[in-house]
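Only one structure is covered here, and it is reproduced in the block below.
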Amino acid sequence: MGRSVPPPTSQNSLTVTDNRTGKTIQVPIENNSIPATAFKKLNKKRGDGDSAQDEVEAGVRVYDPGFMNTAVIQSNITFIDGEAGILRYRGYPIEQLAEQSTFLESAFLLLYGELPTQQQFKLFEQEVLHHTYVHRDVEQIVGAFRYDAHPMSILTASFAALGAFAPEANPALAGQKLYSSGTTEALAVMDKQIFRILGKAITVGAMAYRIRQGRAFNAPPSGLNYTETYLYLLDHLNEPNYKPNPVIAKALDILFLLHADHELNCSAAAMLQVGSSLADPYSAVAAATAALYGPLHGGANEAVIRMLTAIGSPENVPAYLEKVKKKEVVLSGFGHRIYRTSDPRSKIIRKTAEEVFAVTGRNPLLDTAMALHDAAISDEYFVSRRLYPNVDYWSGLIYQALGFPPDYFTVLFAIPRVVGWLAHWRQLMLQKNGVKIWRPRQLYVGEGERDYVEIEKREEKPNADPTTVPSKVPHLHSKRVFLARDSKM
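According to the UniProt record's numbering, the sequence shown is numbered sequentially starting from 1.
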């Protein structure tokens with residue numbers, strides 16, 4: 001006879017039975033989620049078929065490679081419904097914000113939860129733009145990079161370096177509860193670092209652009225808004241009363257707003273992973289920037305431009321899509337880890353692109369992009385796989401039309417995303433139960449305990465897996481160096 005299962009104590013629960021032991025537990029469901037730690041109750045004594053490394057006495061672990069269905073924090077910042085194509089900042093639809101708000105106003109919203117009053121926004125904007133200046137030693141650090149260094153390498157290092165100039169912002173030096181105590185003083189210190197990082201992000205971002213051109217770094221101007229200031233830092237040479245083109249400034253502001261946050265993506269998770277150790281926010285932002293540098297995250301719009309260039313012209317689109325179906329090439333700019341329908345940001349960016357092209361001239365790749373877009377969204381192969389254009393598909397075309405080199409595109413992604421990173425970091429620091437260090441578990445599937453063998457007695461394994469031995473790496477040293485080494489052996 002089967003074991004009887006006790007009735008659930010609540011309808012909002014999950015009844016789980018461990019068929020190994022017959023043990024049954026009731027797991028509460030809240031916000032359509034269950035606590036992973038509940039499965040620790042499903043423990044048992046180790047039997048003959050259990051590995052010592054499985055630690056069955058400690059209960060069942062939840063195995064989720066790549067965080068495909070694991071929530072690690074409660075948040076009230078950004079909501080995404082990937083099935084319906086919805087993106088909201090603090091409840092406000094992204095379409096409304098892109099139409100009526102500005103990047104810096106939306107930054108305030110993401111950080112503090114509400115749209116600012118006129119007085120609040122005035123103070124916020126003043127503080128952020130006040131902190132656009134950087135220490136002259138930071139200029140020397142950035143200036144030490146090679147002219148051909150990747151801009152994201154420079155940006156990552158710059159954020160890390162900025163932390164060295166703010167020791168009072170480091171919990172390792174100023175106390176572990178520097179940000180998490182919730183006092184008025186703690187909030188002031190926290191907000192000061194947010195102002196600093198937001199202000200200096202556009203400055204070091206522009207420095208990473210100008211260094212490859214051999215141009216001196218610009219001092220921040222006065223009287224311009226956030227994106228206008230950034231364009232000034234990028235482009236001003238010696239023109240009197242220089243002010244960026246308003247259409248370009250507005251387009252960049254919209255792009256910044258759209259990229260400001262996107263829930264707990266890879267870089268935001270990196271920000272919180274590092275932040276949970278109570279590292280200073282500059283180090284955490286540097287880590288998040290490094291995560292964004294990866295081609296699976298921030299480099300997609302650059303890949304779109306390279307793809308469109310490779311296609312060449314609209315008549316080559318059908319042949320390219322056939323190669324995609326055969327998995328010979330990749331379709332960049334389509335599909336998303338979260339969205340299973342059209343990315344709501346892509347529609348806004350497409351409209352913005354037309355406004356930019358009216359000023360800059362039509363991007364020669366636009367016809368190819370539109371032909372590829374129309375062909376893909378009407379092809380059953382891509383529709384059935386729910387591959388629709390994402391935000392990266394059109395943004396690269398705008399950046400290219402504005403004259404930015406492809407390897408700088410990710411910087412244009414990183415600068416606005418700093419806001420989202422800081423909003424999530426601020427939320428982490430202020431959560432009610434304090435900050436707990438993020439320490440994921442693993443499933444160990446390696447060797448069990450074994451005894452040490454002296455080196456003289458070890459033998460190479462025949463047909464060893466190449467991943468288990470070091471690779472032989474060619475070196476670029478002169479042959480004379482190797483001859484000199486060989487003579488000493």
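The beta carbon of each residue, even a glycine, is placed where N, CA and C say it ideally should be.
Since we're looking at a predicted model, the values are computed, not measured.
Contact check, residue i vs residue j, beta carbons under 8 Å
i, j, result
"residue 247", "residue 203", "no"
"residue 477", "residue 77", "no"
"residue 41", "residue 59", "yes"
"residue 169", "residue 280", "yes"
"residue 178", "residue 186", "yes"
"residue 369", "residue 308", "yes"
"residue 438", "residue 273", "yes"
"residue 321", "residue 387", "no"
"residue 293", "residue 410", "yes"
"residue 381", "residue 325", "yes"
"residue 397", "residue 422", "no"
"residue 61", "residue 443", "yes"
"residue 71", "residue 33", "yes"
"residue 415", "residue 348", "no"
"residue 132", "residue 220", "yes"
"residue 155", "residue 205", "yes"
"residue 367", "residue 295", "no"
"residue 448", "residue 52", "yes"
"residue 323", "residue 317", "no"
"residue 263", "residue 80", "yes"
Start and end residues, beta strand (DSSP E) containing residue i
i, result
"residue 28", "23-28"
"residue 352", "From DSSP, residue 352 is part of no beta strand (DSSP E) but of the alpha helix (DSSP H) over 344-360."
"residue 16", "13-18"
"residue 88", "86-89"
"residue 79", "78-81"
CB-CB length for residue i against residue j, believed under 8 Å
i, j, result
"residue 276", "residue 428", "7 Å"
"residue 121", "residue 103", "Not confirmed; about 12 Å, so no contact."
"residue 399", "residue 334", "That belief does not hold up - the Cβ atoms of residue 399 and residue 334 are roughly 18 Å apart, past 8 Å."
"residue 239", "residue 407", "Not really, about 27 Å apart at Cβ, beyond 8 Å."
"residue 194", "residue 426", "7 Å"
"residue 304", "residue 199", "Between residue 199 and residue 304 the Cβ distance is about 30 Å, and since that is not below 8 Å, they are no contact."
"residue 343", "residue 391", "5 Å"
Euclidean distance between Cα positions of residue i and residue j
i, j, result
"residue 29", "residue 373", "41 Å"
"residue 1", "residue 44", "Reliability fails at residue 1, whose pLDDT of 45 lies under 50, so the model's placement of it is uncertain and the value that follows must be treated cautiously. In a straight line, the C-alpha of residue 1 is about 22 Å away from that of residue 44."
"residue 38", "residue 306", "48 Å"
"residue 96", "residue 57", "53 Å"
"residue 383", "residue 15", "37 Å"
"residue 116", "residue 125", "11 Å"
"residue 243", "residue 237", "11 Å"
"residue 297", "residue 413", "10 Å"
"residue 36", "residue 469", "37 Å"
"residue 471", "residue 404", "38 Å"
"residue 353", "residue 82", "24 Å"
"residue 351", "residue 99", "11 Å"
"residue 288", "residue 222", "30 Å"
"residue 479", "residue 440", "47 Å"
"residue 22", "residue 46", "15 Å"
Limits of the alpha helix (DSSP H) - the one that residue i falls within
i, result
"residue 451", "No alpha helix (DSSP H) holds residue 451; DSSP gives it neither H nor E."
"residue 428", "409-429"
"residue 162", "151-163"
"residue 406", "Residue 406 -> no alpha helix (DSSP H), and no H or E assigned at all."
"residue 171", "171-174"
"residue 138", "136-143"
"residue 121", "118-130"
### Query
Pairing CB atoms from the region 252-262 with CB atoms from the region 76-87, are three or more of them under 8 Å?
yes
### Query
Does the pairing of the region 141-149 with the region 268-284 give three or more beta-carbon distances under 8 Å?
no
### Task
Determine, using beta-carbon pairs with one atom in the region 282-296 and one in the region 151-166, whether at least three such pairs fall under 8 Å.
yes
### Message
Check whether the region 374-384 and the region 224-233 touch, using three or more Cβ-Cβ pairs below 8 Å as the test.
### Response
no
### Query
At a cut of 8 Å, does the region 422-442 reach the region 208-215 through at least three beta carbon pairs?
no
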